[in-house]
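Engineer: The sequence shown lines up with residues 2 to 140 when you count with the UniProt record's numbering. First, the structure itself, so that you have it in front of you.
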Amino acid sequence: TTERSLVLVKPDGVRRGLTGQVLARIEAKGYTLAALQILTPDRARLEQHYAEHEGKPFYEPLLEFMSSGPVCAVVVEGERCIEGFRALAGTTDPTAAAPGSIRGDLGRDWGSKVQQNIVHGSDSPESAAREIGIWFPGL
Ligand code: CMP
2 TTERSLVLVK
12 PDGVRRGLTG
22 QVLARIEAKG
32 YTLAALQILT
42 PDRARLEQHY
52 AEHEGKPFYE
62 PLLEFMSSGP
72 VCAVVVEGER
82 CIEGFRALAG
92 TTDPTAAAPG
102 SIRGDLGRDW
112 GSKVQQNIVH
122 GSDSPESAAR
132 EIGIWFPGL
């Protein structure tokens with residue numbers, strides 16, 4: 002069945018000029034860009050988005066990092082695109098992510114308290130619906 006996933010090019014990805022490459026990989030895979038916006042997220046939006054991580058040691062550094070500059074928020078659409086984008090992205094730790102993936106090809110550890118791993122992708126249809134509501138209310 003056709004799914005939607007909420008993808009973010011995080012501030013490190015936008016700062017490094019990788020937005021186009023990330024979007025190109027999504028399109029080359031055969032997924033559709035259904036909605037897109039560039040914005041610097043405020044704390045309230047990030048608290049909603051990262052609610053499940055509240056209290057974890059990397060939570061505050063994560064919110065600080067994510068609000069440090071513009072992100073590119075995208076609704077990606079396609080058959081099994083949630084799992085598909087996560088495979089494109091690679092594992093969370095960019096040092097360990099497989100070459101061929103976005104994080105494996107373009108990311109590394111920068112010695113910060115938060116993993117600056119270029120992209121976010123929803124991990125389930127439930128998270129996707131929730132996250133799309135946060136970034137694209139009304140979609
Ligand atoms: P994301 O998929 O956006 O979800 C939570 C984010 O927190 C994750 O990507 C990383 O950027 C960051 N993160 C997850 N685990 C850790 C960790 N153990 N240490 C630091 N940052 C982390």
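Backbone N, C-alpha and C fix where the C-beta goes; we use that ideal spot for every residue, glycine too. Everything numeric in this text was worked out from a predicted model, so none of it was measured.
Are the Cβ atoms of GLY79 and THR41 separated by less than 8 angstroms?
Structural biologist: No, the pair does not count as a contact, with Cβ atoms beyond the cut-off.
Engineer: Report yes or no: do the segment 118 to 134 and the segment 97 to 105 share at least 3 C-beta pairs separated by less than 8 angstroms?
Structural biologist: Touching, per the Cβ criterion.
Engineer: Check each residue's C-beta against every heavy atom of the ligand CMP and list, in chain order, those closer than 6 angstroms.
Structural biologist: Those satisfying the condition are, in chain order, HIS54, PHE59, LEU63, THR93, VAL115, GLN116, ASN118, HIS121.
Engineer: How far does the alpha helix (DSSP H) with THR20 in it extend, from its first residue to its last?
Structural biologist: Per DSSP, THR20 belongs to the alpha helix (DSSP H) from 20 to 30.
Engineer: Beta-carbon within less than 7 angstroms of THR96's beta-carbon, same chain only, minus the 5 sequence neighbours each way: which residues are those?
Structural biologist: Cβ within range, chain order: ARG109, ASP110.
Engineer: If you follow the beta strand (DSSP E) that GLN117 is in, where does it begin and where does it stop?
Structural biologist: Taken as a continuous stretch (DSSP letters only), GLN117 belongs to no beta strand (DSSP E), as it is neither H nor E.
Engineer: Please look up how many angstroms separate the CB atoms of SER6 and PHE86, rounded, as I've assumed it's under 8 angstroms.
Structural biologist: Correct: roughly 5 angstroms between the Cβ atoms.
Engineer: Between ALA130, GLY21, GLN116, which lies nearest to THR93 when the distance is taken from Cα to Cα?
Structural biologist: That would be GLN116, whose Cα lies nearest to the Cα of THR93.
Engineer: What residue ranges within the UniProt domain "Nucleoside diphosphate kinase-like" (3 to 140) form continuous beta strand (DSSP E) runs of no fewer than 3 residues, ordered along the chain?
Structural biologist: With a minimum length of 3 residues, the continuous beta strand (DSSP E) runs that stay inside the UniProt domain "Nucleoside diphosphate kinase-like" (3 to 140) are 3 to 10, 33 to 40, 72 to 80, 120 to 122.
Engineer: By the 10 Å Cβ neighbour count, where 16 or more other Cβ atoms means buried, how is GLN129 classified, buried or exposed?
Structural biologist: Per the sequence shown, residue 129 should be read as Ala rather than Gln. Buried: at least 16 other Cβ atoms inside 10 Å.
Engineer: Would you decide whether ILE27 is buried or exposed? Buried here means 16 or more other CB atoms lie within 10 Å of its CB.
Structural biologist: Label assigned to ILE27: buried.
Engineer: Could you work out which residue in GLY70, GLU84, GLU48 is closest to GLU61 when comparing CA atoms only?
Structural biologist: Of GLY70, GLU84, GLU48, the residue nearest in Cα terms is GLU48.
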